[in-house]
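Chemist: Can you read through this structure? Questions will come right after.
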Amino acid sequence: MKKIIIAIDGYSSTGKSTMAKQLARALGYIYVDTGAMYRAVTLYALQKGYIDENDFRKDALVADLKAIDLSFKYNPELQYSEMYLNGSNVEKEIRTLEVSGYVSQISVVPEVRQKLVALQQEMGREKGLVMDGRDIGTVVFPHAELKIFMTASPDIRATRRYKELLDRGALISYEEVLENVQKRDFLDSNREHSPLKKAEDAIVMDNSAMSQKEQFERALSLVQMRL
Ligand code: C5P
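If you're matching positions, the sequence shown starts at 1 in UniProt numbering and goes up one per residue.
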């Protein structure tokens with residue numbers, strides 16, 4: 001059967017990865033969470049002390065980019081691939097509010113983007129891929145057969161993310177989460193390189209009032225029209 005590339009972009013915490021995982025499972029496609037890659041580079045920068053609340057030594061990070069090895073390994077129990085940084089599973093560490101607080105500064109660095117975009121394009125060479133992020137339909141795969149741009153109100157997104165973090169045992173307030181979501185959206189949408197924006201040919205899905213099942217079914221019908 002014909003295989004396609006599905007690009008899912010949108011604001012933070014719009015449920016991109018939940019829908020992308022469901023689609024990949026249903027279609028037997030590979031799922032790639034590009035946010036996890038930017039988060040892993042951020043974790044590396046924090047571990048190496050290239051970034052903290054007072055300082056960002058961008059040149060030191062750029063000079064050290066070759067030492068960063070990123071890979072995904074499929075976890076059959078979870079039924080999706082987890083992020084590995086230099087051989088270690090970092091799936092949990094990259095999801096903390098600390099990493100979320102720095103990731104938009106790391107993702108503006110052109111050299112970081114170049115490295116990650118090249119890896120992402122390589123993963124899509126054989127198609128049969130669902131990839132989510134901010135610039136997938138605009139920069140990584142401008143010729144993707146299906147592009148979906150997801151959005152929802154900031155309040156709904158922050159509530160979803162807050163519940164997710166609480167479930168993982170994080171000690172945070174709703175206000176902190178809302179602030180982070182809004183700040184990241186602002187930085188991601190206003191950066192110079194590959195800002196978050198809807199590709200002209202992307203289909204907008206505002207899921208403020210949609211269940212996960214409805215989102216999945218809508219996306220699947222869009223896929224089926226393209227096969
Ligand atoms: O998708 P997630 O919220 O995990 O992404 C974390 C951050 O990584 C985003 O806020 C953005 O700064 C960056 N990112 C990006 N380009 C992508 C995916 C994520 O700049 N394709």
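Each residue gets a CB set at the ideal place from its N, CA and C atoms; glycine is no exception.
Roughly how many whole angstroms lie between the Cα atoms of residue 121 and residue 141?
Modeler: Start at 1 with the first residue of the sequence shown, and residue 121 comes out as number 121. Start at 1 with the first residue of the sequence shown, and residue 141 comes out as number 141. Taking the straight line from one Cα to the other gives about 7 Å.
Chemist: Taking 8 Å as the threshold (C-beta atoms), are residue 113 and residue 193 in contact?
Modeler: Counting from one through the sequence shown, the residue named residue 193 turns up at place 193. Counting from one through the sequence shown, the residue named residue 113 turns up at place 113. Contact flag set, yes.
Chemist: Check whether the Cβ atoms of residue 177 and residue 6 sit closer than 8 Å, and answer yes or no.
Modeler: Here residue 177 refers to the residue found at position 177 of the sequence shown. Here residue 6 refers to the residue found at position 6 of the sequence shown. Cβ atoms of residue 177 and residue 6: not closer than 8 Å.
Chemist: Can you give the Cα-Cα distance for residue 109 and residue 189, rounded to whole angstroms?
Modeler: In the sequence shown, residue 109 corresponds to position 109, counting from 1. In the sequence shown, residue 189 corresponds to position 189, counting from 1. Distance between the alpha carbons of residue 109 and residue 189: 14 Å.
Chemist: Taking 8 Å as the cut-off, does the region 162-180 touch the region 18-35 (at least 3 CB pairs, one atom from each stretch)?
Modeler: Short answer: they don't touch.
Chemist: At a threshold of 7 Å, does residue 153 count as lining the ligand C5P (C-beta to nearest heavy atom)?
Modeler: Indexing the sequence shown from 1 puts residue 153 at position 153. No, since every heavy atom of the ligand C5P falls outside the 7 Å radius drawn around the Cβ of residue 153.
Chemist: Threshold first: 4 residues or longer. Then list the alpha helix (DSSP H) segments lying entirely within the region 53-99, N to C.
Modeler: Segments of the alpha helix (DSSP H) lying fully in the region 53-99: 58-63.
Chemist: For residue 12 and residue 157, which I take to be in contact (beta-carbon distance under 8 Å), what is that distance rounded to the nearest angstrom?
Modeler: Within the sequence shown, the letter at position 12 stands for residue 12. Within the sequence shown, the letter at position 157 stands for residue 157. With a Cβ gap of about 7 Å, residue 12 and residue 157 count as contacting.
Chemist: Return yes when the Cβ of residue 64 is within less than 8 Å of the Cβ of residue 48, no when it is not.
Modeler: If you number the sequence shown from 1, residue 48 lands on position 48. If you number the sequence shown from 1, residue 64 lands on position 64. Yes, Cβ-Cβ distance for residue 48 and residue 64 is below 8 Å.
Chemist: Flag this pair as yes or no: are the beta carbons of residue 40 and residue 85 separated by less than 8 Å?
Modeler: Position 40 of the sequence shown, counted from the first residue, corresponds to residue 40. Position 85 of the sequence shown, counted from the first residue, corresponds to residue 85. Cβ atoms of residue 40 and residue 85: closer than 8 Å.
Chemist: May I ask you to verify whether the region 64-76 touches the region 28-42, counting CB pairs closer than 8 Å and requiring at least 3?
Modeler: Taking 8 Å as the limit for Cβ pairs, the verdict is that the region 28-42 does touch the region 64-76.
Chemist: Say the cut is 7 Å; is the CB of residue 107 nearer than that to a heavy atom of the ligand MN?
Modeler: In the structure shown, the ligand MN is absent; the only ligands present are the ligand C5P.
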